[in-house]
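S.K.: Quick note, the sequences are listed as chains A and B, same order.
Note that the first sequence covers residues 80 to 432 in the working numbering.
Note that the second sequence covers residues 185 to 703 in the working numbering.
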Amino acid sequence: MIFVEARAVTRWYHEWIAVLIALILTVATASALLASLGLDPVSSLHRIFIRPLNSVYGVSELLAKATPLITIGVALALGFRAGVWNIGAEGQLVMGGLCGGAVALAFWGVDGFWVMPLILLGGTLGGLVWGAIPAFLKVRFNANEILVSLMLTYVAILMLSVMVHGPLRDPAGFNFPESRLFHDAATLPKLFSAGRGHLGFVFALMFAVLGTWVVKRWHLGFEMRVTGLSPTAAKFAGYSRDRTVWMALLIGGAVSGFAGVVEVTGNIGQLVPNISPSYGFTAIIVAFLARLHPLAVIPAGLLVALSYLAGEAAQLSLGIPAASTQVFQGLLLFFLLGTSLLVNYRIRFGRIG
Amino acid sequence: MTESVAIAERLSASSKQCLGVRGLSKYFGDFAANRDVTLSVDAGEIHALLGENGAGKSTLVKMIYGILKPDTGSMELLAKPYSPDSPSDAKHSGVGMVFQHFAVFDALTVLENIALGLEGRFPDEILAAEIAEVCDRYRLHVELNRRVHDLGAGERQRVEIIRVLMQDPRLLILDEPTSVLTPQETEQLFTTLDRLSDEGRSIIYISHKLDEVRALCDRATLMRAGQVVDVVDPRQESTRSLGEKMIGERLTETKRSKVSSAEKHKARLTVRVGDVYPESTRNVVLNDVYLSVAPGSILGISGVSGNGQDTLFDLLSGELTLPNPDSIVLDGEPIAHFGVEKRRFLGLLGAPENRLGHAAIPELTLWENVILTARHTRGILKNDHLISGTSAKAFADEVIKTFDVRTPSLNAKASSLSGGNLQKFLIGRELLGQPKVFVVSNPTWGVDAKAQLFIHQMLMKMADEGASVILISQDIDELLSVTDRICAICHGRLSRTFPTDEMTPEHLGALMLGQEIDS
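1. Nearest chain A C-beta to histidine 521/B closer than 7 Å, yes or no?
2. Identify the continuous beta strand (DSSP E) that holds phenylalanine 428/A and give its terminal residues.
3. Nearest-angstrom Cα distance between alanine 409/B and leucine 499/B?
4. Using a Cβ-Cβ cut-off of 7 Å, state whether glycine 151/B counts as contacting chain A.
5. Helix, strand or coil: which one does DSSP assign to aspartate 414/B?
6. So the beta strand (DSSP E) aspartate 220/B belongs to, where does it begin and stop?
7. In the DSSP assignment, find the unbroken beta strand (DSSP E) run with aspartate 359/B in it and report its ends.
8. For phenylalanine 386/A and phenylalanine 407/A, which I take to be in contact (beta-carbon distance under 8 Å), what is that distance rounded to the nearest angstrom?
9. I need the straight-line Cα distance from glutamine 201/B to glycine 541/B, nearest angstrom please.
10. If we count the other Cβ atoms within 10 Å of its Cβ and call it buried at 16 or more, is glycine 336/B buried or exposed?
11. So what's alanine 156/A in DSSP terms, helix, strand or just coil?
12. What residues in its chain sit with their C-beta under 8 Å from that of isoleucine 571/B, if we drop five residues either side in the sequence?
13. For the segment 497-530 of chain B, which residues have a beta carbon sitting closer than 9 Å to at least one beta carbon of chain A?
14. Against glutamate 547/B, what residues of chain A qualify as contacts under a CB-to-CB distance less than 7 Å, listed in chain order?
15. Helix, strand or coil: how does DSSP classify glutamine 171/A here?
16. Is there at least one Cβ from chain E nearer than 7 Å to lysine 314/A's Cβ?
17. Does any CB atom of chain A fall closer than 7 Å to the CB of threonine 561/B?
18. Which term fits glycine 117/A, buried or exposed, when burial requires 16 or more other beta carbons within 10 angstroms of its beta carbon?
19. Is histidine 372/A close to chain B? Criterion is C-beta to C-beta, closer than 7 Å.
20. Verify the CB distance criterion: does arginine 479/A have a CB-CB separation below 7 Å to chain B?
21. State the DSSP-derived secondary structure class of tyrosine 249/B, mapped to helix, strand or coil.
22. Rounded to the nearest angstrom, how far is the Cβ of arginine 456/B from that of glycine 228/B, given a contact under 8 Å?
23. Using the beta-carbon of each residue, which ones in chain B are nearer than 8 Å to valine 98/A?
24. Taking the continuous beta strand (DSSP E) assigned at alanine 535/B, which residues delimit it?
25. Report yes if the C-beta distance between glycine 188/A and valine 340/A is below 7 Å; otherwise report no.
26. So which residues of chain A does isoleucine 654/B contact, with C-beta pairs closer than 8 Å?
27. Are the CB atoms of threonine 362/B and threonine 375/B nearer to each other than 7 Å?
28. Counting along the chain, where does the alpha helix (DSSP H) carrying histidine 325/B start and finish?
29. Rounding to the nearest angstrom, what Cα-Cα distance links serine 198/B and arginine 354/B in this structure?
30. Which value, in whole angstroms, describes the spacing of the CA atoms of glutamine 420/B and aspartate 659/B?
31. In the DSSP assignment, find the alpha helix (DSSP H) that holds lysine 275/B and state where it starts and stops.
32. Quickly, what does DSSP pair serine 258/B with across the bridge? List them, please.
33. Where in the segment 591-663 of chain B do unbroken runs of the alpha helix (DSSP H), each at least 4 residues long, occur, reported from the N-terminal end onward?
34. Between glycine 676/B and valine 468/B, is the Cβ-Cβ spacing less than 7 Å?
35. What distance in whole Å lies between the Cβ atoms of arginine 370/A and glutamate 94/A, which are believed to be in contact at a cut-off of 8 Å?
36. Once the 5 residues before and after lysine 210/B are set aside, which same chain residues still bring their CB inside 7 Å of it?
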């Protein structure tokens, strides 16, 4: 018989052992899938996971992909600790990109040191408002924030589509659904001579450090964690659940919006109908891969960013469909959730007693 | 009736004694939950198991039902040795149990729920017909196709009883079955139980409602502190004599010095309010709450669990606020509209009954748990935003040293402490904040005797230093030895308040059963 029983003592490294097991299982399953396609797993894995990082271009691309994942992952980690399930970071990102991009287009051709901060502010506010909607509905009507924030994602994506097909369309763009290219003052500088890595990555690192500080030292972080752990005890301590819901969703919305405007001004350089390959959803995996520790979001974000590059490499060099990215990410989340059981429980083989 | 007679004949084929328990003991660590317990239940007998909370009744029936294994002693069922390894073992041997908290699935129908409790049965028409027969025989009315979440407590209990009766038990154990029932439902239950006993089935009836036991039971085994103290015929006893036997001699050694008469008449905290509706519908609504407590005195609020104590605690702690500020007055200041934090600033501190998950968070360390309620003292919170780990740790360390909390370190999780040590830590956490009013609910629940004494001393020390203490408790010994004045809560109503000196256990028992609370 196999038993699952609660651990008497849990140690901090149990969490990371669970993560390690999840990674090993993911790679093993990916290998099995590759082998079933008639490919040699070892050389294939080398080609899709290692070779993309062999150049400055590759690393720069990796940082570009990791930027939104880390930025949003930090904010989601804070919210998830509070037990507020903001699943709509993708929509908040899109809203941030749209609002920030609209500001950039409104000041098109205008130079000045204040233009870029204004654009970033616009994007942040856009995401903030999009996060405030599920927060309000949750606090006022106890509407489930998972459903509301998720559904608002599709509203945001359609809103972006309407805007780039209509008012924000490039007047000289032959009716393509794209905006004008942003001018230099509205573009974030690149980090390297090659690839798309941009200043946003530095912001992402700063968010991770700030997030760690909030969790470790700020009363707000403690309050949110306590509310997530035990609403009853939080109430006795004098903490308000409503405040936690508001803070979690406002932080999530604002930071995701920031990630969105950084993505359009740093990476894409204009507004297009599709500004994110589901970064907002993938950041959920990143947050859990990091076990909701803001600092650990950095390696987790880099690893998951690698899965995007790996998907592209798999498509180019092995001829596997691009959907392999999602397969890889799905496997990772699946094993992460599965192995998280091992943190508080252990598996024992034997008899009762 | 002929059917009953037939069943009675079949059952009486066995010997007269149904269950015999000899020398049963059960230890939890050093604590003897049951010591050398002997119990005999005859066929067709309704046998009461009487005792206060913590007297060992539940431990005993858990052993009979196979949930716990006795450390020593033996049992006999229908003249055969009986030692169940599990509840399903007990069921197969003919023992059925109806728990106080029903194990029914809300989303399923009555029929489905009953089928789930029976091995290898399906919720089909054959089963429905059998159930209908049982319901008819024992006058248990319930609609089989209704979903359980639509049912009231009495109906849910009937579902449980039917489920147990479908297994044709020889011995039926009922754990405080009437605690959730209306008087009419109680009547119905008694009819059913009489019927079962007429058929020769035995019933163990756990209760602390003395008048019910006198009305229903043939014999009563009285338990106190894990031991059997007497076996009596409840019909030959008065409620008063039963109460005395149940509660036994009082310990008066911890009696405290009297409050000076000048202080006695000043009220530090006064609560005066009509109806109070709790946020959770599971908690009891309070009606006409009036209480007042003087500086330096301890007010006891007794009552059977689930009579509104949770709502009362929330009302006092500020987890439940009222629109009219004047409903609660602390030192002349209306505070009923203030939340927890503001009340704490004014010196109203507390310790709720549920230590893990209400007073403290099990997953957090001791020093982190300090931040929950003591963050505004000793610079734990800097500029209202930053937490000083050093100050919080220093505070936790002081609590641990001052109140002799046994813990490996400040970094131990709250869940790793024993009940008594955690309670000392939690009360100590508030005591260092120098409360003006301290509200505490069942502080010694599940706490060993030594820690219990220590906690009582902490409460008395608090009062001696001038605090007003409100002690909500189910423990009659505790209330009579620690408090200055005492009242009872029953169905959300408070009784009059009496000086503890003039209070007798019988009188208190009557108050707890709501006998002097007029509506």
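For glycine and all other residues, C-beta sits at the position ideal for the given N, C-alpha and C.
M.R.: Concretely, from the data shown:
1. no
2. 424-428
3. 33 Å
4. Past the boundaries of the shown model lies residue 151/B; chain B is included only from 185 to 703, so the question cannot be answered.
5. strand
6. 215-226
7. 355-359
8. Note on residue identity: the sequence assigns serine, not phenylalanine, to residue 386/A. Contact flag correct, Cβ pair sits at about 5 Å.
9. 45 Å
10. exposed
11. helix
12. Ile555, Arg559, Ile564, Leu565
13. Asp498, Ser501, Gly502, Glu503, Gly523, Val524, Glu525, Lys526, Arg527, Arg528
14. Leu308
15. helix
16. In the displayed structure, chain E is absent; the protein chains listed are A and B.
17. no
18. exposed
19. no
20. Examination of residue 479/A is not possible in this model, given that chain A is present from 80 through 432 alone.
21. coil
22. Not a contact, Cβ separation roughly 53 Å.
23. Simply none; closest approach about 19 Å.
24. 532-535
25. no
26. Correct list: empty, because the minimum Cβ distance to chain A is about 16 Å.
27. no
28. Note, histidine 325/B: premise wrong, no alpha helix (DSSP H); not H, not E.
29. Caution is warranted here: a pLDDT of 47 is assigned to serine 198/B, below 50, making its placement in the model unreliable, and the coordinate value is therefore given only provisionally. Looking at the two C-alpha atoms, the distance is approximately 10 Å.
30. 27 Å
31. 271-276
32. Arg206/B
33. 603-615, 633-648
34. yes
35. 5 Å
36. Ala217, Asn218, Thr243, Met247, Leu252, Pro254, Asp255
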